[in-house]
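Visitor: Protein chains in written order, with the numbering used here: chain U, -8 to 106; chain G, 1210 to 1322.
Just passing along the structure, written as structure tokens.
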């Protein structure tokens, strides 16, 4: 059984387009995340939602808009795609963020290529 | 000329040898340190974590050492196997920021048969 799944796995699109990446977790976790991994493998958090509420919003262009229809899903919508958006985007989930570290489970990633 | 592409630190070891992957951190307020493994084409996978009030923690074939004096973290892999070939990341977290992870630069481990 897939714990954290993302669709699509690959996304190739033209500059200026709008696209969405979907994420679903079946672990019963309350918290979900989006990370961006650049070509040098540097991994940086973008957003985090806890039970559908935004709790982490890093310095990300407002062209990126996360949406959480329920606590098992966190989608990422990107408007007006730019060349610099090309990267691998990872979704992750963990139990409720509290006063202790909770292991994060990552999805397989979505490789976005903007032409 | 200018080089392009990945510039990850790399470590190459022979199968069966022990591997040591190092990580330096700067945030003295971190409460946890975590090691993740990322195989090619996959997402990062949790390996082991250590609280900031500990010096050492052991798992199956892995040991994490924490030296707070010099802000250094290491991951030791015993009897390295080809399946250990991956990029390894250290990350830190603070209790007050919930599960926010700050990842360090990865290290590419290659195990030669």
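Note that CB positions come from ideal geometry on N, CA and C, so glycine has one too.
By alpha-carbon positions, which one of 1244/G, 1290/G, 1271/G ends up nearest to residue 1322/G?
Guide: It is 1290/G.
Visitor: Using DSSP with H/G/I as helix, E/B as strand and the rest coil, what is residue 1304/G?
Guide: Three-state DSSP puts residue 1304/G in a helix.
Visitor: Rounded to the nearest angstrom, what separates residue 1267/G and residue 1248/G at their Cα positions?
Guide: Each residue's Cα considered, the two are about 22 Å apart.
Visitor: Assuming residue 1283/G and residue 1274/G make a contact with CB atoms under 8 Å, what is their CB distance in whole Å?
Guide: About 5 Å separates the two Cβ atoms, so the contact holds.
Visitor: Residue -2/U to residue 46/U, Cα distance in whole Å?
Guide: Spanning the two alpha carbons is a distance of roughly 23 Å.
Visitor: So if I threshold CB-CB distances at 9 Å, which residues from the region 29 to 47 of chain U count as touching chain G?
Guide: Against chain G - using a Cβ distance shorter than 9 Å - the residues of the region 29 to 47 of chain U are 30, 31, 32, 33, 34, 35, 36, 39, 41, 46, 47.
Visitor: Would you say residue 98/U faces chain C, with C-beta separation under 8 Å as the test?
Guide: Checking the listed chains, one finds no chain C in this structure; the protein chains it contains are U and G.
Visitor: Measuring CB to CB, does residue 1245/G end up less than 8 Å from residue 1300/G?
Guide: Yes, they are a contact pair.
Visitor: For residue 94/U, which residues in chain G fall below 7 Å Cβ to Cβ?
Guide: Within chain G, the residues near residue 94/U are 1255.
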